[in-house]
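Quick note on the working numbering: the sequence shown kicks off at 23 and runs consecutively. Don't be surprised by glycine CBs; every beta carbon is placed ideally from N, CA and C. Please read these numbers as outputs of a predicted model, since none were measured by experiment.
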Amino acid sequence: MMLLKKHIIFLFLIMGLYGCTEEFIPSTENFEDLLVVETTITDEFKFQKIKLTNTYTFEDTLTRPVTNAKVFIKDDLNQEYLFQYKEQDTAYLSIEKFKVEPNKTYQLHIETASGEKYESSQETLPPVSNLDLQLSTQNIDEEFGAAYKVSSKSVTNDAVYYRYEYQEAYKVIAPYWGPREAVYVREAPFTPAYCYITHQFRQEQNKVCYTVKDSKEIIVATTSNQSDNNLSEFLIKFIPQTSWRAAHRYALKVNQYVIDYDTYNYYRTLRKISGFGENENTLSPNQPGFLQGNIKSTTSNKKILGYFEMASYSSKRIFFNYDDLYPNEPKPEYYIDCIVERFRNDNFPCAHYIHFLDPYARFSALVESGFGSLYELQLGQNGRPDIYLMVETPCSKCTSISSNEIPDFWYE
């Protein structure tokens with residue numbers, strides 16, 4: 023659900039641009055401060071989450087959470103489910119765990135610190151559909167790779183509309199890792215001060231890391247044109263064999279949300295109007311305008327962005343090892359070229375630091391800045407290990423691009 027803000031904020035900011043199809047550099051001229059609601063309430067028994075933020079300009083670098091609102095959900099039996107703001111989540115979490123149930127209606131209520139009140143329409147839980155996640159290798163657009171597809175069978179034959187999110191996780195192994203690291207030392211009060219490089223055993227495990235990323239796409243599907251209402255082999259994610267992310271071990275978790283027609287239509291329209299992909303940095307809107315959700319102000323005509331989504335939820339995750347999926351095939355190349363540079367270590371005046379053509383100065387700069395990392399020590403003419411083989415830091419230290427913490431769900 024966190025992907026929603028990316029699209030609705032973008033949509034709001036381009037409201038004044040009609041029919042623009044050329045790429046442009048975004049700026050904010052007529053900014054309106056509006057409330058943004060992000061939530062998906064499901065039939066999973068858990069602490070449900072509602073995120074409230076204010077719109078922000080292209081010039082802003084941080085989101086603007088709304089922290090002092092009164093937030094609750096009320097069902098058709100007048101039972102209230104209260105929410106409380108949690109700083110660590112930058113969101114409102116239900117005070118108690120609960121799940122939404124079939125044949126009941128639910129309504130979201132929000133009152134901001136300024137006294138503005140909002141209510142959603144009455145929503146019900148959509149039908150349940152059994153999720154089946156499949157992994158296979160195939161050619162797509164002339165590339166060979168791993169395809170994650172979903173099939174879903176409606177339990178009562180009336181689940182028609184679906185939304186999907188995925189979370190990818192993969193193992194990162196630094197290809198030029200070594201057990202020691204280079205350390206920059208500046209001695210004082212020498213005049214001129216002397217700098218030198220020494221080495222020590224690495225202070226943390228930074229050979230093997232794990233990256234976890236949530237999808238940023240709006241993925242919706244429907245079986246409205248099918249007689250059996252069963253979704254079959256719908257492509258969620260394709261990972262080319264040449265992708266470095268899949269070089270060792272890879273996992274994809276797919277979240278399935280069975281939704282109603284109004285929710286489906288909202289996301290489909292939002293995706294169409296947003297008009298930009300996951301990795302694009304420029305904006306090429308197709309049909310900009312304000313997209314009304316199912317939440318309205320009850321105290322004024324003030325607009326609000328977002329949707330009170332209710333969904334039947336299921337999820338599955340599948341792992342694969344590169345060697346199992348592509349036996350006897352060479353592994354894909356790392357995401358950068360790892361060029362090894364050779365430096366002879368010696369004491370030298372710090373003033374040399376400004377002479378960039380001086381190899382000692384370059385060596386010092388690489389170590390001090392953290393842009394370079396030690397791959398291997400070799401013996402010099404004096405028999406001491408004073409020849410340093412250096413590489414760009416991500417080649418030798420995976421924690422520069424990932425995390426050495428093993429995810430809770432990970433297994434080998």
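Q | Residue range of the alpha helix (DSSP H) that includes residue 292 | A | 283 to 296
Q | Option nearest residue 450 by Cα separation, candidates 295, 78, 434, 149 | A | Not covered by the structure: residue 450. The range shown for the chain is 23 to 434.
Q. Using the C-alpha atoms, what's the distance from residue 231 back to residue 181?
A. 40 Å
Q. Are three or more beta carbon pairs between the region 382 to 396 and the region 199 to 208 nearer than 8 Å?
A. yes
Q: Please name the residue or residues paired with residue 71 in a DSSP beta bridge.
A: 115
Q) What residue range is occupied by the uninterrupted beta strand (DSSP E) comprising residue 267? A) Run containing residue 267: none; DSSP gives neither H nor E here.
Q: Note the first and the last residue of the continuous alpha helix (DSSP H) segment covering residue 437.
A: An answer regarding residue 437 cannot be provided, because it is not within the stretch 23 to 434 covered by the chain.
Q | Bridge partners - residue 84, DSSP secondary structure assignment | A | Bridge partners of residue 84: none, in fact.
(Q) Is the separation between the beta-carbon of residue 128 and that of residue 97 shorter than 8 Å? (A) yes
Q | N- and C-terminal bounds of the beta strand (DSSP E) containing residue 239 | A | Taken as a continuous stretch (DSSP letters only), residue 239 belongs to no beta strand (DSSP E), as it is neither H nor E.
(Q) To the nearest angstrom, how far is the alpha carbon of residue 133 from that of residue 74? (A) 11 Å
Q | Spatial neighbours of residue 120 in its chain, beta-carbon cut-off 6 Å, leaving aside the 5 residues before and after | A | 103
Q: Could you have a look at residue 358 and say whether DSSP puts it in helix, strand or coil?
A: coil
Q) By Cβ distance below 6 Å, which residues in the same chain neighbour residue 400 in space, the five residues on each side in sequence not counted? A) 409
**Q.** Spatial neighbours of residue 176 in its chain, beta-carbon cut-off 7 Å, leaving aside the 5 residues before and after
**A.** 149, 151, 251, 252
Q | Proximity test, Cβ basis, 8 Å: residue 59 and chain C | A | As a matter of chain content, chain C is missing from the structure shown, which is built from one protein chain.
Q | Where residue 439 sits in the DSSP three-state scheme | A | With the chain covering 23 to 434 only, the question about residue 439 has no answer from this structure.
Q.
Strictly by DSSP, which residues pair up with residue 328?
A. 59
(Q) Looking at the secondary structure, which residues open and close the alpha helix (DSSP H) in which residue 389 lies? (A) 381 to 391
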